[in-house]
Amino acid sequence: MESTSGAPSAAPNTSSAPVESTAVPERGEALREYSITHASKHRDFLLHMSTPTSKSVITHYVGNSNAIGKPAVKLREGDSKEGRLLGVAIFVPLSNNIDFGFGEDPENLSTTSWERLENLSTAANTYRLKVGLGESSRTVLWKRTHSPDGTSEASIFSKMSMQHLKLVDETRGKLLATYTNHVGLSRKNKGTIRIWHDTGDEAWVQTVLLTALAIIERNGRM
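Going by our numbering, the final residue of the sequence shown carries number 644, and the count climbs one at a time with no gaps.
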């Protein structure tokens, strides 16, 4: 949903939705995998991208901020906060909605064209987004899940985590992407985003990354 003004506005929704116990209806190998680690500034992240045929390489720098009136999340190209800015996400006041935007100058909040991650539950367990794909569009849902890999072998500690996510097509239920929160002693590792469905459009990949990272940051503050 696109905001009608340059600044995000609140539109809270009070319905509830439970955390789902399973996540992955299909098996296979992710088309892209992004390992998330903490940068030298601990609030920020580095994304290390790999595919089934390539080694891991740092592709994105993620800046997180809780400054009032500033984007909560910034997605940059490259391995530093000086990299080209690709997109930003803002937490809408007085709601759990999240607005995000891309473009040549996404930091210019008054001219950015905004899309909305619409929160569908009081516990922020589910977000809805309408994604344009050429001349068509689809509605997708980010949902919390206890088992992003869909297996029974996951540790009890992993299954107890409330931070795992999955992205599914709202109509068909097809799995599109997952986020697995790191459960362990390492303070450097944050988790892993896996993209299971690729449209061939880099804008789709950036949308998946930015919306996932925004929800991860939002959940970390709750």
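All C-beta atoms in this analysis are idealised placements derived from N, C-alpha and C, irrespective of residue type, glycine included. This one's a predicted model, so the numbers in the text were calculated from it and none came from an experiment.
C-alpha distance - residue i paired with residue j, whole-angstrom precision
i, j, result
"T567", "K588", "7 Å"
"I637", "R616", "15 Å"
"D521", "V514", "7 Å"
"H619", "L607", "31 Å"
"K596", "S476", "26 Å"
"L453", "I480", "17 Å"
"E537", "G523", "6 Å"
"Y456", "H482", "9 Å"
"V562", "V627", "14 Å"
"D623", "R609", "33 Å"
"M641", "W564", "Note that residue 641 is Asn in the sequence shown, not Met. About 13 Å."
"S535", "S478", "32 Å"
Status (buried if at least 16 other CB within 10 Å, exposed otherwise) for residue i
i, result
"M644", "exposed"
"R569", "Just to set this straight, residue 569 is Ser in the shown sequence, not Arg. S569 is buried by the Cβ-count criterion."
"A489", "exposed"
"H586", "buried"
"P447", "Only weak support exists for where P447 lies, its pLDDT of 41 falling under 50; the coordinates are left without a value."
"K463", "exposed"
"R498", "buried"
Simplified DSSP state of residue i, which is helix, strand or coil
i, result
"W536", "strand"
"L632", "helix"
"N393", "There is no way to answer for residue 393, as the model of the chain reaches only from 423 to 644."
"A546", "coil"
"V514", "coil"
"W564", "strand"
"E451", "coil"
"E504", "coil"
"G622", "coil"
Same chain only: Cβ atoms within 7 Å of residue i, ignoring 5 sequence neighbours per side
i, result
"V510", "P493, V495, K496, F522, G523, P528, E529"
"D501", "L468, I480, Y483"
Cβ shell of residue i (< 6 Å), same chain only, five flanking positions each side left out
i, result
"L635", "V484, V495"
Neighbourhood of residue i by C-beta distance below 8 Å, restricted to the same chain and skipping five residues each side
i, result
"K612", "I458, T459, H460, F467, N603, H604, I638"
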